[in-house]
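First the structure, in the form of structure tokens, and then the observations on it.
Have a look at this one:
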């Protein structure tokens, strides 16, 4: 049956409708910094980051007699579904003719904070695309396909490539605006490691048009800086991750984040998004944490610990020293997005 003729499945009874549920669970994304932008003829953006298990996005899809959305981020869910209705090849023609809205109930049960440097928009879009495709019985899709169906990948592709497989992600940057940056490396992080996420109550990080205006103001990244960032990734960060070398990985992560942050100083006013974030990062360093930095535009600060006990002690120490609006303790996500049929 051609994709355009696929119909949304109809339940045979109210009991079947009540029991038919697809659940999707997706972790968050940390972004350690970009490699390049502004140099004509070179790849733009690129960079590195990692997927973490918490805070997680959890959503459910079930049959309904009409299209409805419940829970947080409802407006963003509707926007993603509208984009899917125009771009996903498996979206039935009958659905498009019915204002693009399938007779389904979508519930967002939990979601990471928005505009906090955790990739919440990408994770929501990718989870919806994967969940709706699974519900319909459409063929498996690549990360790039899912991203295009919901209009993601304008700049960073760390979260896109991390969605389906998790791990430490390195992506190479893009030569064209309509390209999704290719995956260069994916490495599983040691399962016992823990990321502590600290949010000091700062204003939200940049996104959307505000982020674009910030990029318009930034000077090009010097070629020497891009070269140094690439060397840090290839010669230090990725090998240390592959070998499970906690000390070397942590120090490399800190160096990479500081060097990448220099590229944004013209907008941020410094290496980090604010003096409060810089103070928080320095506090973690004085407490013996090497791998600490700012995720994307912030305001999330991440700190890498050897294990659960060390991470719990760090959160307690930071909370005793300064106020936080939120904190999380997250294991590395080496699996990626999960689809659960019930």
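In our numbering, the protein residues as written are 744 to 1085. We treat Cβ as the ideally placed atom computed from N, Cα and C, and that holds for glycine.
Shortest alpha-carbon distance to residue i belongs to which of the options?
i	options	result
residue 790	926, 813, 798 and 868	926
residue 996	984, 858, 1007 and 873	984
residue 1070	896, 875 and 1044	1044
residue 900	943, 879, 1072 and 923	923
residue 1061	788, 942, 779 and 937	942
residue 1040	783, 851 and 861	861
residue 976	1073, 830, 939 and 1002	1002
residue 929	769, 1078 and 763	1078
residue 779	914, 908, 1022 and 1025	914
residue 830	1049, 772, 872 and 859	872
residue 1023	1055, 1067 and 1049	1067
residue 775	1048, 1075, 1000 and 1056	1000
residue 785	909, 998, 917 and 859	917
residue 911	850, 963 and 980	980
residue 800	870, 823 and 963	870
residue 961	777, 998, 763 and 769	777
residue 973	988, 1034 and 998	998
residue 986	886, 933, 763 and 793	933
residue 792	1049, 1038 and 1072	1038
residue 944	1020, 1035, 767 and 794	1020
residue 863	978, 798 and 825	798
residue 891	848, 931 and 825	825
residue 963	978, 931, 919 and 1010	1010
How long is the line joining the alpha carbons of residue i and residue j, rounded to whole angstroms?
i	j	result
residue 965	residue 806	53 Å
residue 888	residue 832	10 Å
residue 877	residue 1031	45 Å
residue 827	residue 893	6 Å
residue 1052	residue 1083	31 Å
residue 788	residue 812	34 Å
residue 781	residue 967	14 Å
residue 809	residue 802	18 Å
residue 1046	residue 1058	10 Å
residue 835	residue 875	12 Å
residue 845	residue 819	16 Å
residue 1085	residue 804	10 Å
residue 765	residue 1081	10 Å
residue 1005	residue 1013	7 Å
residue 1008	residue 1015	7 Å
residue 1090	residue 898	The chain is shown only over 744 to 1085; residue 1090 falls outside these bounds and no answer can be derived.
residue 1025	residue 1042	15 Å
residue 937	residue 1056	12 Å
residue 817	residue 879	21 Å
residue 814	residue 850	6 Å
residue 1049	residue 935	7 Å
residue 1029	residue 763	52 Å
residue 940	residue 885	29 Å
residue 823	residue 770	18 Å
residue 949	residue 859	With a pLDDT of 48 at residue 949, under the threshold of 50, the predicted position of this residue should be treated as unreliable, though the coordinate-derived value follows. So the two alpha carbons sit approximately 8 Å from each other.
residue 1072	residue 1017	23 Å
Mind checking residue i: buried by the 16 CB within 10 Å criterion, or exposed?
i	result
residue 840	Reliability of the predicted coordinates at residue 840 is poor, the pLDDT of 48 falling under 50, and no value is obtained from them.
residue 1065	exposed
residue 882	exposed
residue 796	buried
residue 921	exposed
residue 970	exposed
residue 866	buried
residue 1074	buried
residue 1063	exposed
residue 956	exposed
residue 895	buried
Since residue i is in the alpha helix (DSSP H), which residue starts that stretch and which ends it?
i	result
residue 821	817-830
residue 869	863-879
residue 854	Premise fails: residue 854 is in no alpha helix (DSSP H) and is neither H nor E.
residue 1057	1051-1064
residue 1023	1018-1029
residue 981	981-986
In terms of residue numbering, what span does the beta strand (DSSP E) encompassing residue i cover?
i	result
residue 997	Where residue 997 is concerned, there is no enclosing beta strand (DSSP E), although the alpha helix (DSSP H) it sits in stretches over 989-1005.
residue 1070	1069-1073
residue 858	Where residue 858 is concerned, there is no enclosing beta strand (DSSP E), given that its DSSP letter is neither H nor E.
residue 902	Run containing residue 902: none in the beta strand (DSSP E); it sits in the alpha helix (DSSP H), 901-908.
residue 798	790-806
residue 927	926-930
residue 1037	1035-1037
residue 772	764-776
residue 811	811-813
Quick one: is the Cβ of residue i within less than 7 Å of any heavy atom of the ligand ATP?
i	result
residue 1009	As for the ligand ATP, it is missing from this structure, which has no ligand bound.
Just checking: is the beta-carbon of residue i within a distance shorter than 8 Å of some beta-carbon in chain D?
i	result
residue 887	No chain D is part of this structure, which consists of one protein chain only.
Would you check if there are 3 or more beta carbon pairs closer than 8 Å linking the region 902-910 to the region 844-855?
-> no
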